[in-house]
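What follows is a short report on a single structure.
Numbering (the numbering used here), first residue to last: 1388 to 1752.
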């Protein structure tokens, strides 16, 4: 897969937008790796997507991977083993971040960590079996099953939907606890205000249309509740010709960086000891008139180091896709799951660490 630099991606998106040509785009967190491809040129072997049923190439994907040729992949019981960072490692980054927050160098920061995961399903099988508002699979790179919308454009109105605030839905009065938690309210107010400033960069009349509604997100082994808001504005009539410039001006997404965005991003670069890659980047589809996009969270990628069995299995998969997709359950593939959460001066390390782990799940029922 050939990646574009930021300027090339913007130029191609502007060109396709001016032609009203439908396309898909993917941008890494730091926007150094980008994909822009017309929808009719997408190879489902390389990119598969499902945007809440409105845009998808699921049928082509399953046919190409021979999922419908008698292979009972749906009945394989998933093995899901997580090895999260230790609390001491988490606190090593949390403590200096808290010092920066108390010094008002930042008001909100989204601290993230990688977690090693072992699973008996391949990335394409995980994509096929998970359920989420947004699913996207990039061959040899990642699978994301994200609940979070980045921006939509409909009839010239651009809207963003920052998601901040999480609680286990099984807790007593979970929704009440979430909505009345002062730390969660402070965090959400901050990210909503940042989103208004972002939308004002590209649109007129930026405003909060709906503040802090609750979504239920299924995990496969239960559910979590998360709060989001809707911030919108009106784009210029010629936005199609500027669609690349508009979208990249909003990156990175405020919900996965913090506020103020630029200063907080620099702080996080110093504290996060890994490369986010495509995690917390964005992916979207422009249909020639309107646009829908997602923040790439709930994100699983191939681990660079893999055991010999997985390496052999992956090699076999390239040569014999019809056979390889039926997994022997003793074969465990090595992945990296990336997750995090918003930190404010009111945060407690233990609860933030628990939230990071709460988000490491496989939404297969």
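C-beta atoms are modelled at their ideal positions from N, C-alpha and C, and glycine is treated no differently.
According to DSSP, residue 1679 shares a beta bridge with 1539 and 1672. Residue environment analysis places residue 1437 among the buried positions, since at least 16 neighbouring C-beta atoms fall within 10 angstroms of its C-beta.
Within the segment 1578-1650, the complete beta strand (DSSP E) runs of at least 3 residues fall at 1591-1605 and 1610-1621. Note on residue 1604: 16 or more other CB atoms within 10 angstroms of its CB, so buried under the neighbour-count rule. Judged by DSSP in its simplified three-state form, residue 1528 adopts coil rather than helix or strand. For residue 1479, there is no enclosing beta strand (DSSP E); the residue is part of the alpha helix (DSSP H) that begins and ends at 1474-1489. Residue environment for residue 1411: buried (at least 16 other C-beta atoms within 10 angstroms of its C-beta).
Residue 1690 sits away from residue 1661, with the two beta carbons spaced by 8 Å or more. The residue from 1535, 1627 and 1683 with its alpha-carbon nearest to that of residue 1525 is 1683. Look at residue 1520 here: in three-state DSSP terms it is coil, with no helix or strand label. In summary, residue 1600 is exposed, with fewer than 16 beta-carbon neighbours lying within 10 Å of its beta-carbon over all protein chains present. Of the residues 1522, 1503, 1392 and 1552, the one whose Cα lies closest to the Cα of residue 1731 is 1552. Rounded to the nearest angstrom, the Cβ distance from residue 1639 to residue 1651 is 10 Å, too far for a contact under 8 Å. Nearest to residue 1609 by C-alpha distance, out of 1573, 1751 and 1469, is 1751. Counting along the chain, residue 1688 sits inside the beta strand (DSSP E) bounded by residues 1686-1689. Residue burial annotation: residue 1577 is buried, with at least 16 other C-beta atoms found within 10 angstroms of its C-beta. Below 8 Å, too few C-beta pairs join the segment 1435-1449 and the segment 1478-1496 to call them touching: fewer than three. Where residue 1561 is concerned, the enclosing alpha helix (DSSP H) starts and stops at 1561-1567.
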